[in-house]
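Asks: Residue numbering for the sequence shown follows the working numbering, starting at 53 and increasing by one per position. The C-beta atom is built at its ideal place from N, Cα and C for all residues, glycine as well. Remember, it's a predicted structure, so these values are computed and weren't measured experimentally.
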Amino acid sequence: MTDTDNVSRRRFLQATGGAASAVALAGCTGSNDDGGKETTTNGTTTGGDVDKPGDDANVLRLINSTMTTLDPVKSTDSASGTVIQQVFDGLMNYPNGQIDVKGQLAKGHEVSDDYKTYTFKLKEGAKFHDGTEVTADDFVYSFERLAASDNSRRAYFILDSIGVTHETDSDGNYKPGTMGVSAEGDYTLKLELSQPFHATLEMLAYTSFAAVPKGIVGDIDGYDGKMSHKKFATKNPVGAGPFSFDNWESNTEAKVSKFEDYHGSTADVDGIHWNIMSDSEAMYTYGTVNQNADMIHGDQLPTSHYNADKVSVKKTDDQGRKVGTYGKTTSGATMKYTGVSTINEFYIGFNADAVPKPVRKAAAYALNQKEAVEKVFKGRGQESYHFTPPSIYPGGPDAYNKHAKENYPYGYNETQLKKAKKVMEDAGYGPDNKASFTFTVYQSSSTWPELGKLLRDKLASAHIDMSIQKTPFSTLTKRGRQGNLEAYSLGWIMDYPAPDNFLELLYPPRTDTSKDAPLSYFNWSGTSASKKAKQAWEKVQNNPKPTESAKKKRNEAYVAMEEANWQDVVLLPAYHEISERFTYDWVDVPRFGAADFSRQMYNNVKLSSRK
Numbered sequence: 053m054t055d056t057d058n059v060s061r062r063r064f065l066q067a068t069g070g071a072a073s074a075v076a077l078a079g080c081t082g083s084n085d086d087g088g089k090e091t092t093t094n095g096t097t098t099g100g101d102v103d104k105p106g107d108d109a110n111v112l113r114l115i116n117s118t119m120t121t122l123d124p125v126k127s128t129d130s131a132s133g134t135v136i137q138q139v140f141d142g143l144m145n146y147p148n149g150q151i152d153v154k155g156q157l158a159k160g161h162e163v164s165d166d167y168k169t170y171t172f173k174l175k176e177g178a179k180f181h182d183g184t185e186v187t188a189d190d191f192v193y194s195f196e197r198l199a200a201s202d203n204s205r206r207a208y209f210i211l212d213s214i215g216v217t218h219e220t221d222s223d224g225n226y227k228p229g230t231m232g233v234s235a236e237g238d239y240t241l242k243l244e245l246s247q248p249f250h251a252t253l254e255m256l257a258y259t260s261f262a263a264v265p266k267g268i269v270g271d272i273d274g275y276d277g278k279m280s281h282k283k284f285a286t287k288n289p290v291g292a293g294p295f296s297f298d299n300w301e302s303n304t305e306a307k308v309s310k311f312e313d314y315h316g317s318t319a320d321v322d323g324i325h326w327n328i329m330s331d332s333e334a335m336y337t338y339g340t341v342n343q344n345a346d347m348i349h350g351d352q353l354p355t356s357h358y359n360a361d362k363v364s365v366k367k368t369d370d371q372g373r374k375v376g377t378y379g380k381t382t383s384g385a386t387m388k389y390t391g392v393s394t395i396n397e398f399y400i401g402f403n404a405d406a407v408p409k410p411v412r413k414a415a416a417y418a419l420n421q422k423e424a425v426e427k428v429f430k431g432r433g434q435e436s437y438h439f440t441p442p443s444i445y446p447g448g449p450d451a452y453n454k455h456a457k458e459n460y461p462y463g464y465n466e467t468q469l470k471k472a473k474k475v476m477e478d479a480g481y482g483p484d485n486k487a488s489f490t491f492t493v494y495q496s497s498s499t500w501p502e503l504g505k506l507l508r509d510k511l512a513s514a515h516i517d518m519s520i521q522k523t524p525f526s527t528l529t530k531r532g533r534q535g536n537l538e539a540y541s542l543g544w545i546m547d548y549p550a551p552d553n554f555l556e557l558l559y560p561p562r563t564d565t566s567k568d569a570p571l572s573y574f575n576w577s578g579t580s581a582s583k584k585a586k587q588a589w590e591k592v593q594n595n596p597k598p599t600e601s602a603k604k605k606r607n608e609a610y611v612a613m614e615e616a617n618w619q620d621v622v623l624l625p626a627y628h629e630i631s632e633r634f635t636y637d638w639v640d641v642p643r644f645g646a647a648d649f650s651r652q653m654y655n656n657v658k659l660s661s662r663k
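1. Output yes or no for whether 9 Å exceeds the beta carbon distance between residue 267 and residue 645.
2. Per the DSSP calculation, residue 226 is bridged to which residue(s)?
3. Just the Cα atoms here: how many angstroms apart are residue 372 and residue 622?
4. With 16 as the cutoff for other CB atoms within 10 Å, does residue 120 come out buried or exposed?
5. Consult DSSP for residue 638 and reduce its assignment to one of helix, strand or coil.
6. Please state if the CB of residue 340 and the CB of residue 383 are separated by a distance shorter than 9 Å.
7. Starting from residue 298, trace the beta strand (DSSP E) in both directions and tell me its first and last residue.
8. By DSSP's criteria, residue 494 is part of a beta bridge. Which residues make up the other side?
9. Check whether the Cβ atoms of residue 544 and residue 435 sit closer than 9 Å, and answer yes or no.
10. Buried or exposed for residue 109, going by 16 or more other Cβ atoms inside 10 Å?
11. What's the gap between the Cα of residue 93 and the Cα of residue 117?
12. Please list, in chain order, all residues of the same chain as residue 472 whose beta carbon is under 6 Å from its beta carbon, the five residues on each side excluded.
13. With which residues is residue 115 paired in a DSSP beta bridge?
14. Would you decide whether residue 360 is buried or exposed? Buried here means 16 or more other CB atoms lie within 10 Å of its CB.
15. Along the chain, where does the alpha helix (DSSP H) containing residue 592 start, and where does it finish?
16. Would the beta-carbon of residue 401 fall within 9 Å of that of residue 631?
17. Within 9 Å of any Cβ in chain E, is that where the Cβ of residue 475 sits?
18. So, with DSSP's three-state summary, where would you put residue 644?
19. Buried or exposed for residue 85, please, with buried defined as at least 16 other CB atoms from any protein chain shown within 10 angstroms of its CB.
20. Give the straight-line distance between the Cα atoms of residue 292 and residue 511, rounded to the nearest whole angstrom.
21. Could you tell me which uninterrupted beta strand (DSSP E) segments, each at least 3 residues in length, are contained entirely in the region 363-444, listed from first to last along the chain?
22. Quick one: does the C-beta of residue 484 sit closer than 8 Å to a heavy atom of the ligand GDP?
23. Is the CB-CB distance between residue 610 and residue 570 below 9 Å?
24. What's the call for residue 427, buried or exposed, on a 16-neighbour Cβ count within 10 Å?
25. Under 9 Å between the Cβ atoms of residue 320 and residue 114?
26. According to the neighbour-count rule (16 or more other Cβ atoms, all chains shown, within 10 Å of its Cβ), is residue 368 buried or exposed?
27. May I have the straight-line CA-CA distance separating residue 179 from residue 447, to the nearest angstrom?
28. Starting from the Cα of residue 358, find the closest Cα among 620, 244, 146, 381 and give me that residue.
29. Residue range of the alpha helix (DSSP H) that residue 200 falls in?
30. Considering residue 253, what are the terminal residues of the alpha helix (DSSP H) in which it resides?
31. Between the region 640-654 and the region 612-628, do three or more beta carbon pairs fall short of 8 Å?
32. In the DSSP assignment, find the unbroken alpha helix (DSSP H) run with residue 321 in it and report its ends.
33. In the DSSP output, which residue or residues are listed as bridge partners for residue 627?
34. Taking the DSSP output, what are the residues bridged to residue 39?
35. What is the DSSP secondary structure of residue 336, reduced to helix, strand or coil?
36. Whole angstroms is fine: what's the gap from residue 500's alpha carbon to residue 431's?
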């Protein structure tokens, strides 16, 4: 998602005759050059202190990337989000990053028979860190900030994705103060939706919907503010979470402390310290070599230092999480290991206006996803054949695998270079008439260039010259919006656990880079497959209710969109990342779920004596 896109889904519906969610680019953006997860992986950092942290025995020590803000409605990167998750609470929550949402500040809720009115009962006595009680009026204010503040980067979440009723001006912009959000007394909050939305509760678990004290910032009509937005977003964020904010020094560190009056389970640790750094080698030295972090996540142990042979999986639990050990590390430690198939997808995108269909199909024939996962990513992922991740694919992982094995047209777990060469020669290409395109990858990635080389070498035998270009992540996305890419690497991580949160990127009208705020950069139009995808997406939008009959129709449409993409290959699936955690023996932490570790709260972490 881009920081500036608050386009209305329903205004877009009026303009195109279709329907699309007003999201730009990705599920949850990382800051700048974050490895391309415009969703929930670490943001790129600059600077950073790799010195040993303080000696607070009961403070959880972690590594983080560059944070951008502590304001829940402004945050778009997971580096900020993982801190916000500790400081702020909302109505709903993904407990331990699991995708089954539960009430947080809401102790219960009711839904009307037409699925358009949600009534939440709030916990009584829950306190903000400034000592004031959380009431329904605070949520009315917080949601108005989400919709109306110039600082909000997620207005479409409430206005379009959930679709809370509201008025617009003559330009189609939200008219402040008109949302269907009301306080019915101190502890009852009511939301009125313009139409049903099957993932309302899941969306409300996103930190953008967190409660802040009424009137704390004066960035919406009717409020002067108790402090400036800058102070709130960088120096004094006030939430109702299990930890209160202490300090954030940009590119150096962030600290929070246990909130003794927390309405839920009071934290076992006294606080959390994040050491902020940019360089993957510095992260490796800090966390793995010097053991200065209690837990290490994902590429904080860089793939260049990762050895798959050191992973010993003892069991797979009932949620499919792999549990075991990793080691010995450089420091001689054997760490506890958890590997989780989180809800994400990484892919090669094609600008259909710049890369002809035969070339795109040849690339699909040439790419062996299993080989890429094993050779390039050292097994830290799962080969991908759909845009929709396995855990939310209609019918689940078994249906995902069955559909891919039986129907993927470009070779399941194999390279088909003869077919790649044939599709090119059938289109008139040959040794004296080669095709060419540039594959642009984000500069901070060490793995995407390697995957590019693997693909480039294969395509050379199919009359295709592929060049690889590295560019900063922010430049890549800017060029994508402008239609100035040919092929590129990107990833998407869930906003909410449903296929439409992914497949909206394949709704053809929203792939048009000549329009404002394209959702993706495929420029997919004018083909029978793009027409099928458009019709399928509209079927999804026309069946929004949280009922089994509506779900069945959506599921049929999801599969139709996947197959339409296979036909034209504007998005070439590459892999689903496995999110990993490496933990030292002195840390007792619940396993995180498919929503990823960045959605986990740390009030249930316990520390024993460090070795």
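Replies: Taking the definition as stated:
1. No, these two residues do not count as a Cβ contact at 9 Å.
2. In the DSSP output, where bridge partners are listed per residue, residue 226 has 220.
3. Residue 622 has its alpha-carbon roughly 31 Å from the corresponding atom of residue 372.
4. Its Cβ being crowded by 16 or more others within 10 Å, residue 120 is buried.
5. Note: residue 638 maps to coil in three-state DSSP.
6. Yes, Cβ-Cβ distance for residue 383 and residue 340 is below 9 Å.
7. Its beta strand (DSSP E) spans residues 295-301.
8. In DSSP, residue 494 forms a bridge with 523.
9. Their beta carbons are not under 9 Å apart, which means residue 544 does not touch residue 435 by this criterion.
10. Classification of residue 109: exposed, given that the 10 Å Cβ count is below 16.
11. The pLDDT assigned to residue 93 is 31, lower than 50, so where the model puts this residue is not dependable, and the model offers no usable value.
12. Once the five neighbours on either side are set aside, the close Cβ partners of residue 472 are 414, 417, 418, 514.
13. Partner(s): 327.
14. Classification of residue 360: exposed, given that the 10 Å Cβ count is below 16.
15. Note, residue 592: alpha helix (DSSP H), 580-593.
16. Cβ atoms of residue 401 and residue 631: not closer than 9 Å.
17. Note that chain E does not occur in the displayed structure, where there is just one protein chain.
18. Of the three classes helix, strand and coil, the one that applies to residue 644 here is coil, per DSSP.
19. Because residue 85 sits at a pLDDT of 36, beneath the cut-off of 50, its placement in the model cannot be relied upon, and the following sentence gives the value as read from the coordinates. Buried is the call here.
20. Distance between the alpha carbons of residue 292 and residue 511 is about 54 Å.
21. Uninterrupted beta strand (DSSP E) stretches at least 3 residues long and entirely within the region 363-444 occur at 363-368, 374-379, 386-393, 396-402, 433-435, given in chain order.
22. The ligand GDP is absent from the structure shown, which contains no ligands of any kind.
23. One thing to note: residue 610 has its Cβ no nearer than 9 Å to the Cβ of residue 570.
24. The residue in question, residue 427, is exposed, as its Cβ has fewer than 16 Cβ neighbours within 10 Å.
25. No. Outside cutoff.
26. It is exposed - the Cβ of residue 368 has fewer than 16 other Cβ atoms within 10 Å.
27. Linking residue 179 to residue 447 through their CA atoms gives a straight-line distance of about 42 Å.
28. Among 620, 244, 146, 381, the Cα nearest to that of residue 358 is on 381.
29. Residues 188-200.
30. The continuous alpha helix (DSSP H) containing residue 253 extends over residues 252-256.
31. Between the region 640-654 and the region 612-628, the count of C-beta pairs closer than 8 Å stays below three; the two stretches do not touch.
32. For residue 321, there is no enclosing alpha helix (DSSP H), as DSSP gives it neither H nor E.
33. Looking at the DSSP assignment, residue 627 forms a beta bridge with 398, 435.
34. Not covered by the structure: residue 39. The range shown for the chain is 53 to 663.
35. Taken through DSSP and simplified to helix, strand or coil, residue 336 comes out as helix.
36. Looking at the two C-alpha atoms, the distance is approximately 14 Å.
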